[in-house]
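>
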Amino acid sequence: MEKKQSLITKDGVSFLIPFILVTFCFALWGFANDITNPMVKAFSKIFRMNVTEGALVQVAFYGGYFCMAFPAAIFIRKYSYKAGVLMGLGLYAAGALLFFPAKTVGVYGCFLLAYFIMTCGLSFLETSCNPYILTMGPEETATRRLNMAQCFNPCGSIIGMFVAMNFIQAKLNPMSSDERALLGDAEFEAVKEADLSVLISPYLIIGLVIVAMFLIIFFSKMPKNGDQSHDVHFLPTLKRIFGLKYYREGVIAQFFYVGAQIMCWTFIIQYGTRVFMAEGMGEQEAEVLSQRFNIFAMLFFICSRFLATYLMKWLKPARLLVIFGVLGMLFTLGVILFQNRMGVYCLVCVSGCMSLMFPTIYGIALDGLGDDAKFGAAGLIMAILGGSVLPPLQAAIIDQGNVFGGFPATNFSFILPLLCFVVVAIYGARTVKR
10 MEKKQSLITK DGVSFLIPFI LVTFCFALWG FANDITNPMV KAFSKIFRMN
60 VTEGALVQVA FYGGYFCMAF PAAIFIRKYS YKAGVLMGLG LYAAGALLFF
110 PAKTVGVYGC FLLAYFIMTC GLSFLETSCN PYILTMGPEE TATRRLNMAQ
160 CFNPCGSIIG MFVAMNFIQA KLNPMSSDER ALLGDAEFEA VKEADLSVLI
210 SPYLIIGLVI VAMFLIIFFS KMPKNGDQSH DVHFLPTLKR IFGLKYYREG
260 VIAQFFYVGA QIMCWTFIIQ YGTRVFMAEG MGEQEAEVLS QRFNIFAMLF
310 FICSRFLATY LMKWLKPARL LVIFGVLGML FTLGVILFQN RMGVYCLVCV
360 SGCMSLMFPT IYGIALDGLG DDAKFGAAGL IMAILGGSVL PPLQAAIIDQ
410 GNVFGGFPAT NFSFILPLLC FVVVAIYGAR TVKR
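Its first residue numbered 10, the sequence shown is counted upward by one per residue in this note's numbering.
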């Protein structure tokens, strides 16, 4: 009991209530991330697009992270972590509620704009909440504390996946992509209108939940920990933190890790659909079953993250990062080589290997940065751009159909996540050596 209290107690002051409120924000952006991943397939069907065009959802989504990270850091440095959290929640709610006018207009680009605004808010949230959690207790347990808070991120992700599967995918018109392509313009517009009405409902509800969370935090007393300096010295600070080799390499490792995560969780739908349709299932049934496996993957991710947080009592975070990185590489090889359900099972196991990577890379890279952690956090959040850059590359491979004399392009496309895990494992090994 004493150890648990010391984890979120500093100088005799308990941060339990602020820790709970900020940790709840981790679940909120987890929901946004994982209700969105299956939308690549959904938008592709609704607007009769190929996988590459559908993957623009991820470009807009993670592009918002990239564009807003350093403006968020400047805002937080000038004001406070609490102000950053509130700004993030405000933009998140605005983007989610914009789905209603986007549906009214019925243009794909309007949805991309709503996603972009929503993720500008998520960028504020992640740039604020991650380093805020690091300050809520002793420095020596900071990475472990962040791993604990990050355990609740996939809880929100599972809810997002569940909502996507049961309240969006299961309720969309069951016509296959090929059948939709044969519809006349009037029939197509009627089907599209009905499907978009289904798609936007969860986003409108979460927008209202975010408004409620905004009000709770606004009226709550939050610690000013880490808010000592409000002077903005952007370029000197940037030069100082990027002069640290372990920070620079951490940003690179985070870029590739996030790319791997988004590719695995986005294209498990395409991968599973191909496997299950080969077994004789219809397209929609195969998609729903694939999403169910995506939920299994997230459950494994959560269990593995709690296990990794526990193991950090005895093993250094960097050493665990190497172990999980190598396991991720091995399971991804299975995803590439197997052309049946074994490949799907391997893809589920990959999620368990990814569980500790984001917070561990984050904690290692920000170690010892002090007040510079506000800008350091922004660089690591900008690295989430990997989730915008790499999935379209994988989608372009998938659109090839078959490669190398009939080998499924969907399988071969997972060569990209494999290379990402190589980078993560190397970063962990270099940190252990240092």
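C-beta: ideal position from N, C-alpha, C; glycine also.
Specify the secondary structure class of residue 46 as computed by DSSP and reduced to three states.
Stepping through the sequence shown from its first residue, residue 46 is reached at position 37. Three-state DSSP puts residue 46 in coil, outside helix and strand.
> Whose CA, out of 105, 294, 266, lies closest to the CA of residue 218?
Along the sequence shown, read from residue 1 onward, the residue named residue 218 stands at position 209. Ranking the options by Cα distance to residue 218, first place goes to 105.
> On the three-pair Cβ rule with 8 Å, is the segment 126-133 touching the segment 54-67?
Touching, no, given that fewer than three Cβ pairs across the two stretches are closer than 8 Å.
> Can you name the residues that DSSP bridges to residue 417?
Against the sequence shown, residue 417 aligns to sequence position 408. Paired residue(s): 411.
> So what's residue 132 in DSSP terms, helix, strand or just coil?
Taking the sequence shown and counting its residues from 1, the one referred to as residue 132 is at position 123. Reduced to three states, the DSSP call for residue 132 is helix.
> In whole angstroms, what separates the C-alpha of residue 170 from that of residue 290?
For the purposes of this step, residue 170 is taken as residue 161 along the sequence shown, with counting starting at 1. For the purposes of this step, residue 290 is taken as residue 281 along the sequence shown, with counting starting at 1. Rounded to whole angstroms, residue 170 to residue 290 spans 21 Å at the Cα level.
> If we require 4 or more residues per run, which alpha helix (DSSP H) segments fall completely within the segment 278-326?
Correct list: 292-320.
> Could you tell me the distance, in whole angstroms, from the CA atom of residue 201 to the CA atom of residue 56?
On the sequence shown, position 192 is the one that residue 201 refers to. On the sequence shown, position 47 is the one that residue 56 refers to. In a straight line, the C-alpha of residue 201 is about 7 Å away from that of residue 56.
> How big is the Cα-Cα spacing for residue 353 and residue 70?
To locate residue 353, count along the sequence shown from 1; it is residue 344. To locate residue 70, count along the sequence shown from 1; it is residue 61. Going from the Cα of residue 353 to the Cα of residue 70 covers about 26 Å.
> Go ahead and pull the three-state DSSP assignment for residue 23.
The residue given as residue 23 occupies position 14 in the sequence shown. Residue 23 falls in the strand class under three-state DSSP.
> Between residue 157 and the rest of its own chain, which residues show a CB-CB distance below 6 Å, the 5 nearest in sequence each way excluded?
Mapped onto the sequence shown, residue 157 falls at position 148. The answer, listed in chain order, is 318.
> Under DSSP, the alpha helix (DSSP H) around residue 67 begins and ends at which residues?
Residue numbering aside, residue 67 sits at position 58 when the sequence shown is read from its first letter. Segment 65-87, the alpha helix (DSSP H) holding residue 67.
> Count the other CB atoms within 10 Å of the CB of residue 98; is the residue buried (16 or more) or exposed (fewer)?
Counting from one through the sequence shown, the residue named residue 98 turns up at place 89. When all chains shown are included, residue 98 counts as buried.
> Assign residue 351 to buried or exposed, taking buried as 16 or more other Cβ atoms, counted over all protein chains shown, within 10 Å of its Cβ.
Sequence index remark: in the sequence shown, residue 351 carries index 342 (1-based). Exposed, because fewer than 16 other Cβ atoms sit within 10 Å of the Cβ of residue 351.
> Which residues in the same chain as residue 298 place their Cβ atom closer than 6 Å to its Cβ, once the five residues preceding and following it in sequence are excluded?
To locate residue 298, count along the sequence shown from 1; it is residue 289. Closer than 6 Å at the Cβ level, and outside the excluded window around residue 298, lie 285.
> Please state whether DSSP places residue 182 in a helix, a strand or coil.
Reading the sequence shown from its first residue, position 173 is the one you call residue 182. Coil at residue 182, not helix or strand.
> Please state whether DSSP places residue 13 in a helix, a strand or coil.
Within the sequence shown, the letter at position 4 stands for residue 13. With a pLDDT of 44 at residue 13, under the threshold of 50, the modelled position of that residue is not reliable, and the figure given next carries that caveat. If DSSP states are grouped into helix, strand and coil, residue 13 belongs with the helices.
> Can you list, in chain order, the residues of its chain whose CB lies under 8 Å from that of residue 261, leaving out five sequence neighbours each side?
The residue given as residue 261 occupies position 252 in the sequence shown. 392, 432, 436.
> Where are the beta strand (DSSP E) runs, 3 residues long or more, that stay fully inside the segment 342-391, in chain order?
Correct list: empty.
> Are the CB atoms of residue 378 and residue 244 within a distance shorter than 9 Å?
As a position in the sequence shown, residue 244 is number 235, starting the count at 1. As a position in the sequence shown, residue 378 is number 369, starting the count at 1. Going by C-beta atoms, residue 244 is not nearer than 9 Å to residue 378.
> If you draw a straight line from the alpha carbon of residue 330 to that of residue 368, how long is it in whole angstroms?
By one-based count along the sequence shown, residue 330 stands at place 321. By one-based count along the sequence shown, residue 368 stands at place 359. Those two C-alpha atoms are separated by around 10 Å.
> Please report the distance separating the alpha-carbon of residue 359 from that of residue 424.
Reading the sequence shown from its first residue, position 350 is the one you call residue 359. Reading the sequence shown from its first residue, position 415 is the one you call residue 424. Roughly 13 Å between the two C-alpha positions.
> Going by alpha carbons, who is nearest to residue 124 out of 108, 139, 136, 114?
The sequence position of residue 124 within the sequence shown is 115, counting from 1. The residue with the shortest Cα to Cα distance from residue 124 is 108.
> Got a sec, what are the start and stop residues for the alpha helix (DSSP H) residue 431 sits in?
Working through the sequence shown from its first residue, we reach residue 431 at position 422. 424-442 is the extent of the alpha helix (DSSP H) around residue 431.
> Between the alpha carbons of residue 60 and residue 38, how many angstroms are there, rounded?
Position 51 of the sequence shown, counted from the first residue, corresponds to residue 60. Position 29 of the sequence shown, counted from the first residue, corresponds to residue 38. Near 24 Å, if we compare the C-alpha coordinates of residue 38 and residue 60.
> Identify which residue in 137, 337, 255 has its Cα closest to the Cα of residue 380.
Taking the sequence shown and counting its residues from 1, one reaches residue 380 at position 371. Minimum Cα distance to residue 380 is reached at 137.
> Am I right that residue 208 and residue 51 are in contact with their C-beta atoms under 8 Å? What's the rounded C-beta distance?
In the sequence shown, counting from the first residue as 1, residue 208 sits at position 199. In the sequence shown, counting from the first residue as 1, residue 51 sits at position 42. Correct: roughly 6 Å between the Cβ atoms.
> Taking all protein chains shown into account, decide if residue 135 is buried (16 or more other Cβ within 10 angstroms of its Cβ) or exposed.
Working through the sequence shown from its first residue, we reach residue 135 at position 126. Buried, by the Cβ-count rule.
> Quick check: what's the CA-CA separation for residue 439 versus residue 140?
For the purposes of this step, residue 439 is taken as residue 430 along the sequence shown, with counting starting at 1. For the purposes of this step, residue 140 is taken as residue 131 along the sequence shown, with counting starting at 1. Roughly 23 Å between the two C-alpha positions.
> Using only the alpha-carbon positions, how far apart do residue 283 and residue 312 sit?
Counted from its first residue, the sequence shown places residue 283 at position 274. Counted from its first residue, the sequence shown places residue 312 at position 303. Looking at the two C-alpha atoms, the distance is approximately 28 Å.
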